[in-house]
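Protein chains: 2
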Amino acid sequence: LRHTWRYSPPTILSGGFLLLIAVGTALFATPFASHQGMTFWEALFTATASITVTGMSLVDPASDLTLFGQLLVMVLFHLGGLGLMTFAVLTVMALGGRLGLKGQRVVREAMDQASPGDVMLLVRRVALLALCLEVSGAAVLATVWVPAMGWTEGLWMSFFHAASAFNNAGVSLLPDGLAPWAATPLITLVITGLFITGGLGFTVLTDLWRQRRLSKLSLHSKLTLTGTLILAVGAWLLIMAFEWTNGTTLAAVDSGSRPWLAWFVAVVPRSAGFSVVDMSSLYAPSVLLVMFLIFIGGGSNSTASGIKVSTFMVVVLATRAFLTGRRRPTAFRRTVSLDSVFRAYTVVVLSMLMVMLGCFLLVILEPEMKPMDVLFEGFSAFGTAGLSRGITEDLSKPSQAILMVLMFAGRIGPLALAFSLARPRAVKLRYVEDQVQIG
Amino acid sequence: LRHTWRYSPPTILSGGFLLLIAVGTALFATPFASHQGMTFWEALFTATASITVTGMSLVDPASDLTLFGQLLVMVLFHLGGLGLMTFAVLTVMALGGRLGLKGQRVVREAMDQASPGDVMLLVRRVALLALCLEVSGAAVLATVWVPAMGWTEGLWMSFFHAASAFNNAGVSLLPDGLAPWAATPLITLVITGLFITGGLGFTVLTDLWRQRRLSKLSLHSKLTLTGTLILAVGAWLLIMAFEWTNGTTLAAVDSGSRPWLAWFVAVVPRSAGFSVVDMSSLYAPSVLLVMFLIFIGGGSNSTASGIKVSTFMVVVLATRAFLTGRRRPTAFRRTVSLDSVFRAYTVVVLSMLMVMLGCFLLVILEPEMKPMDVLFEGFSAFGTAGLSRGITEDLSKPSQAILMVLMFAGRIGPLALAFSLARPRAVKLRYVEDQVQIG
Ligand SMILES: [K+]
Ligand SMILES: [K+]
Chain A
1 LRHTWRYSPP TILSGGFLLL IAVGTALFAT PFASHQGMTF WEALFTATAS ITVTGMSLVD
61 PASDLTLFGQ LLVMVLFHLG GLGLMTFAVL TVMALGGRLG LKGQRVVREA MDQASPGDVM
121 LLVRRVALLA LCLEVSGAAV LATVWVPAMG WTEGLWMSFF HAASAFNNAG VSLLPDGLAP
181 WAATPLITLV ITGLFITGGL GFTVLTDLWR QRRLSKLSLH SKLTLTGTLI LAVGAWLLIM
241 AFEWTNGTTL AAVDSGSRPW LAWFVAVVPR SAGFSVVDMS SLYAPSVLLV MFLIFIGGGS
301 NSTASGIKVS TFMVVVLATR AFLTGRRRPT AFRRTVSLDS VFRAYTVVVL SMLMVMLGCF
361 LLVILEPEMK PMDVLFEGFS AFGTAGLSRG ITEDLSKPSQ AILMVLMFAG RIGPLALAFS
421 LARPRAVKLR YVEDQVQIG
Chain B
1001 LRHTWRYSPP TILSGGFLLL IAVGTALFAT PFASHQGMTF WEALFTATAS ITVTGMSLVD
1061 PASDLTLFGQ LLVMVLFHLG GLGLMTFAVL TVMALGGRLG LKGQRVVREA MDQASPGDVM
1121 LLVRRVALLA LCLEVSGAAV LATVWVPAMG WTEGLWMSFF HAASAFNNAG VSLLPDGLAP
1181 WAATPLITLV ITGLFITGGL GFTVLTDLWR QRRLSKLSLH SKLTLTGTLI LAVGAWLLIM
1241 AFEWTNGTTL AAVDSGSRPW LAWFVAVVPR SAGFSVVDMS SLYAPSVLLV MFLIFIGGGS
1301 NSTASGIKVS TFMVVVLATR AFLTGRRRPT AFRRTVSLDS VFRAYTVVVL SMLMVMLGCF
1361 LLVILEPEMK PMDVLFEGFS AFGTAGLSRG ITEDLSKPSQ AILMVLMFAG RIGPLALAFS
1421 LARPRAVKLR YVEDQVQIG
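Listed in order, the protein sequences are those of chains A and B.
Each residue of the first sequence is one higher than the one before, starting from 1 at the first, in my numbering.
Each residue of the second sequence is one higher than the one before, starting from 1001 at the first, in my numbering.
Right, here's the structure in full:
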């Protein structure tokens, strides 16, 4: 049952993304997409930021884009968020054709699912679940926004923001963004709930759907869920500790609302990126924490990016294991496979290399800007968080080009890498083995 | 031939360092060590910075310390540089006693040498080599400094700086430091030559001494030498590219001298740390490069610190191997052992964790300072480079305490870690193996 493919999955994946960016750019550049018209560069940046679910922007989606432009953003972040591959499969299904083997392999590897029969079921389930969550999330948002904005505006805002949240796009169409609503418990709960769920990843969601009992979940799901919980609660407590008295962030709202706002700030970097407080007003420790969270991101095969929660957990477990004199990390009565450990370390090292190289070039290109602002922007693009300390528009074009490359690499890089690392060739040792002193 | 030790090598190592810091502090606090007298805190910081060969200071060693104080600094950086362990062995030898098994094991593991008979020979060779290099380096320096400063001053400065360089201490007794001499070819060559040699590591030096032919060197030596060459030349070219027209750094000297000064700036972060240009005047890209170099540091078992060049090389090789679908990195017709790969990744992750945690606390404690200055200080302490953007004295005491912890951890941490990771217990898999999705 071996096949030789003409193009490798990472090639198909990158090619599809590039094609979608080209189409998106062409459409954004038309007069139908924006009131004032966009330059080619603005269109390219908007298309890239939308497909990679980064949500950084050179134009204001609320005031500059027409309804067509806003719908285009929504279509693009669904394609980039719910996944190019899933949507490729759905398209084939919608056209009535049977899924070709090549497409199936792409999806299967993305899902890490062994049984081919599961794939179509999985895809349908995920699409259904996404739709259900977006619609029911929108319905709850509408209970607040319809009374506040009227039926048309209220429903449109509710659905757009539910979709933007579930896809971890972080784009807002409200004049002042979500900031005025971020401490409203109902809005906070629904929006953060949606992007955390979307950021768990398809495998975890399917696993939850299938098993229902937590103890029966796969090791991957358990690690992702535990990691998400630890990171969210840990970041929440730290943000409250750091920012409680910061008059431009948490202390801008009354003390009863601060825990809600802090929760939003703590979970939004991985990697929804809605702008709810001014990132340039955060105290320095919070900024470092946010950059750390952006780098980790959400779950594998999710609408979130970053190195992924499971990768982070495996590295933590592996490091703990080696420190205690064991070679194999264990968790939840399972031993983490050696392959997973190697892949995790490789993804971390390469991602760090990528983001450092990008940040390095940005710092070179922007000698007038504060290095911390520029580093933050680089991390945010790579983690497709889209948070900014307000410098995106002021960057030079080469810098904006680097941001686009980082978004692209951040969105498909770790996944493409996981493909490449999926099946290491078992090569016989050609050379004698030798120790190297470490540390 | 199994023994149960009462204390593990890392415990003995840390204990010895703490004891030396205590003795050093007591001596620095006496009126004999400084002209104006030092506070307990200044004495503690000076002792810690000297033993860990960091060379950061709250007092000016040139003007504040007496000759006794300066000699004390020199003794301490020899102890911390040439190695506590080597010196422990030398002390036993000097006292005429035979080396106990316990001491021998510490040294042997530090050297990663298999044969016990080699150890004493190695120690004697290294001490002899260090002395030869320091004395001959001093002799060359004296040809410039004796004419410039007279016999007494010139000889003392020559020997002190040769020793400070070989031990990667980075302490200077000249009124303006080495800055006025850093573009003088002879001085630049001797000083950088000494600290690069000292930073290669005992194993590499012994290997060079023993083999003479490069092709017969061990894999460890080849990786360390290649890595050192790549990092030095790469950093040199980048520093010249970045700083050539910076009037406060390279362009402060005539264009013929700039390559010499650039060479000094490029190699000094790993981890000699002599202050030859104002670190706060470097352009931002150079600052990031310097921080990267500080983190990598010098060779294993050397007078330099950091994660070590060999660790860096193994991580690079391993990442390349996994990317190309192989599981085992190879270099110089050797396969790098799986143990070395795991140790390298662990040292990198834990060092990064340590330095990030330290920097995080520093940023919290110093809200008024520029985050980049504070991060630089944290990296510099952990890598025992001792470079500073001029804020060491202005830091609060808790921050200075964190710097001391970072110096301590940076000097003995990776080595202690290497001890702990040296012999992973071969445990049977207790649990079923499971994959985790990565990336
Ligand atoms: K986003
Ligand atoms: K130093």
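Every residue, glycine too, gets a C-beta built ideally from N, C-alpha and C.
So residue i and residue j are in contact, right, with Cβ under 8 Å, and what is the actual spacing, rounded?
{"i": "A/Leu403", "j": "A/Glu377", "result": "7 Å"}
{"i": "B/Phe1274", "j": "B/Gly1177", "result": "7 Å"}
{"i": "B/Val1276", "j": "B/Val1268", "result": "6 Å"}
{"i": "B/Leu1293", "j": "B/Arg1270", "result": "5 Å"}
{"i": "A/Gly193", "j": "A/Asn168", "result": "At roughly 13 Å, the Cβ-Cβ gap does not stay under 8 Å, so A/Gly193 and A/Asn168 are not in contact."}
{"i": "B/Ala1331", "j": "B/Leu1223", "result": "6 Å"}
{"i": "B/Ser1445", "j": "B/Gly1410", "result": "Residue 1445 of chain B cannot be examined here, being either before or after the span of chain B that is shown, 1001 to 1439."}
{"i": "B/Met1407", "j": "B/Thr1046", "result": "In fact, because the Cβ distance is near 12 Å, the residues do not count as touching under 8 Å."}
{"i": "B/Phe1166", "j": "B/Gln1070", "result": "B/Phe1166 to B/Gln1070, Cβ: 16 Å. No contact."}
{"i": "A/Ile307", "j": "A/Pro414", "result": "6 Å"}
{"i": "B/Ser1164", "j": "B/Ala1142", "result": "Incorrect: roughly 15 Å between the Cβ atoms, too far for contact."}
{"i": "B/Gly1170", "j": "B/Ala1252", "result": "Between B/Ala1252 and B/Gly1170 the Cβ distance is about 20 Å, and since that is not below 8 Å, they are no contact."}
{"i": "A/Arg334", "j": "B/Asp1434", "result": "4 Å"}
Around the Cβ of residue i, are there at least 16 other Cβ atoms within 10 angstroms (buried) or fewer (exposed)?
{"i": "B/Val1135", "result": "exposed"}
{"i": "A/Val436", "result": "buried"}
{"i": "B/Ser1255", "result": "exposed"}
{"i": "A/Ala284", "result": "buried"}
{"i": "A/Gly24", "result": "buried"}
{"i": "A/Thr48", "result": "buried"}
{"i": "A/Leu1", "result": "Because A/Leu1 carries a pLDDT of 33, less than 50, the predicted location of this residue cannot be relied on, and the following value inherits that uncertainty. Exposed: under 16 other Cβ atoms inside 10 Å."}
{"i": "A/Gly358", "result": "buried"}
{"i": "B/Arg1389", "result": "buried"}
{"i": "A/Lys216", "result": "exposed"}
{"i": "A/Ala241", "result": "exposed"}
{"i": "B/Asp1394", "result": "exposed"}
{"i": "B/His1035", "result": "exposed"}
{"i": "A/Glu368", "result": "exposed"}
{"i": "A/Pro329", "result": "buried"}
{"i": "B/Pro1371", "result": "buried"}
{"i": "B/Phe1382", "result": "buried"}
Sorry if obvious, but does the Cβ on residue i come closer than 7 Å to a heavy atom of ligand 1?
{"i": "A/Val53", "result": "yes"}
{"i": "A/Ala385", "result": "yes"}
{"i": "A/Asn441", "result": "The structure shown has nothing for residue 441 of chain A, since chain A only spans 1 to 439."}
{"i": "A/Gly273", "result": "yes"}
Name, please, each residue of chain B whose Cβ falls closer than 7 Å to the Cβ of residue i.
{"i": "A/Thr223", "result": "Reading off the sequence, residue 223 of chain A comes out as Leu, not Thr. Within chain B, the residues near A/Leu223 are Val1436."}
{"i": "A/Ile364", "result": "Pro1285"}
List the residues of chain A whose Cβ lies closer than 7 Å to the Cβ of residue i, in chain order.
{"i": "B/Val1123", "result": "What B/Val1123 touches in chain A: nothing, since even the nearest Cβ is about 17 Å away."}
{"i": "B/Met1372", "result": "Pro371, Met372"}
{"i": "B/Leu1350", "result": "Thr319"}
Just to make sure I have the definition right: I need the residues of chain A whose C-beta is within less than 9 Å of the C-beta of residue i. Which are they?
{"i": "B/Phe1360", "result": "Pro285, Leu288, Leu289, Phe292"}
I want to verify the contact list: residues of chain B whose CB lies under 9 Å from the CB of residue i, in sequence order.
{"i": "A/Pro367", "result": "Tyr1283, Ala1284, Pro1285"}
Report the neighbours of residue i on chain A: residues whose CB is nearer than 8 Å to its CB, in chain order.
{"i": "B/Leu1406", "result": "Near B/Leu1406 there are no residues of chain A at all, since even the closest Cβ is about 16 Å away, more than 8 Å."}
Flag residue i as yes if its beta-carbon sits less than 8 Å from any beta-carbon of chain E, otherwise no.
{"i": "A/Val314", "result": "Although the question refers to chain E, the structure presented lacks it and instead comprises the protein chains A and B."}
Chain-ordered residues of the region 1298-1332 of chain B with a beta carbon less than 8 Å from chain A:
Ser1300, Asn1301, Ile1307, Lys1308, Ser1310, Thr1311, Met1313, Val1314, Val1315, Ala1318, Thr1319, Phe1322, Leu1323, Gly1325, Arg1326, Arg1327, Arg1328, Thr1330
Please list the residues of the region 206-220 of chain A that have a C-beta atom closer than 9 Å to any C-beta atom in chain B, keeping them in chain order.
Ser218, Leu219, His220
Residues of the region 1149-1174 of chain B whose Cβ lies closer than 7 Å to any Cβ of chain A, in chain order:
none
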